[in-house]
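Each remark here refers to the structure printed beneath this line.
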Ligand code: AMP
């Protein structure tokens, strides 16, 4: 399934990534018509004819793009690593919403017999990471309330997104190891890249120029 040839749909991640993406899109000549950050509407026309924007959770962006329900998308690298991005192109790092995916544990690290229990939303990434290192762990899938899991005896460690480290410190945890450096990436549907290459290339060029103009 691919959208109409003369139209182009871009799926955006709501929240912090959206607020950092909008100025770059504006510089690339694409402005949503309507209150995209405040409305419950999920689809917006833009100042550029034929280009529309969708807003959704980051985990849904690669699903829309890989299946051609959106031609392009913006999502955190954490979401792309978890999704497994073989069916997508990832042509541009926007350098926004930077953070790290880290293993964190209580200080001092509790000595555990047997397999450590690791709580995370990112079970796909964590499974691959520990397997590559030959480390045996028991993964516990949580959707939130991660940082409190060790204190409550649910897990020995967590794998989570860390920005300033404030959330970890507030919950008596400390960063142990970095699994991946995260930032937001532009992804493109493989068929759209062929069929709509001119329009997509123009947007990618304008976005990368906007990224290059930003102060380091
Ligand atoms: P901090 O306390 O600054 O280390 O922020 C960590 C918390 O903020 C984590 O629980 C994350 O869920 C969230 N967070 C911070 N930065 C990002 C980001 N770029 N993408 C997604 N979540 C983030």
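Numbering (my numbering), first residue to last: 14 to 229.
Glycine included, every Cβ here is placed at the ideal spot set by N, Cα and C.
Quiz item: Should residue 181 be listed as close to the ligand AMP, given that the test is whether its C-beta is under 7 Å from any heavy atom?
Solution: yes
Quiz item: Just how far apart, CA to CA, sit residue 67 and residue 126?
Solution: 48 Å
Quiz prompt | Residues that DSSP places opposite residue 199 in a beta bridge | solution = 87, 105
Quiz item: Helix, strand or coil: how does DSSP classify residue 169 here?
Solution: coil
Quiz item: Measuring from the CB of residue 173, is there a heavy atom of the ligand AMP at a distance below 7 Å?
Solution: yes
Quiz item: Which class does residue 117 belong to by DSSP, given the choice of helix, strand or coil?
Solution: strand
Exercise. Along the alpha helix (DSSP H) that carries residue 140, what are the first and last residues, could you check?
Key: 136 to 145
Quiz item: Candidates 118, 205, 83, 90: which alpha carbon is nearest residue 163's?
Solution: 118
Exercise. Determine which residues share a DSSP beta bridge with residue 229 and list them.
Key: Partner(s): none; residue 229 has no beta bridge.
Quiz item: Where does residue 15 fall in DSSP's three states?
Solution: Low confidence applies here, because residue 15 scores a pLDDT of 47, under 50, leaving its location unreliable and the question unanswered by this model.
Quiz item: Cα-Cα, which of 48, 139, 39 is closest to residue 61?
Solution: 39
Exercise. Assign residue 154 to one of three DSSP states: helix, strand, or coil.
Key: strand
Quiz item: Any idea which residues DSSP pairs residue 22 with across the strands?
Solution: 65
Quiz item: Does the distance from the CB of residue 114 to the CB of residue 200 come in under 8 Å?
Solution: no
Quiz item: Is it true that the region 41 to 61 meets the region 81 to 93, where meeting means three or more beta-carbon pairs spaced less than 8 Å apart?
Solution: no
Exercise. Might you give, ordered along the chain, the residues of its own chain that have their beta carbon closer than 8 Å to the beta carbon of residue 189, omitting 5 neighbours on each side?
Key: 115, 116, 117, 118, 122, 170
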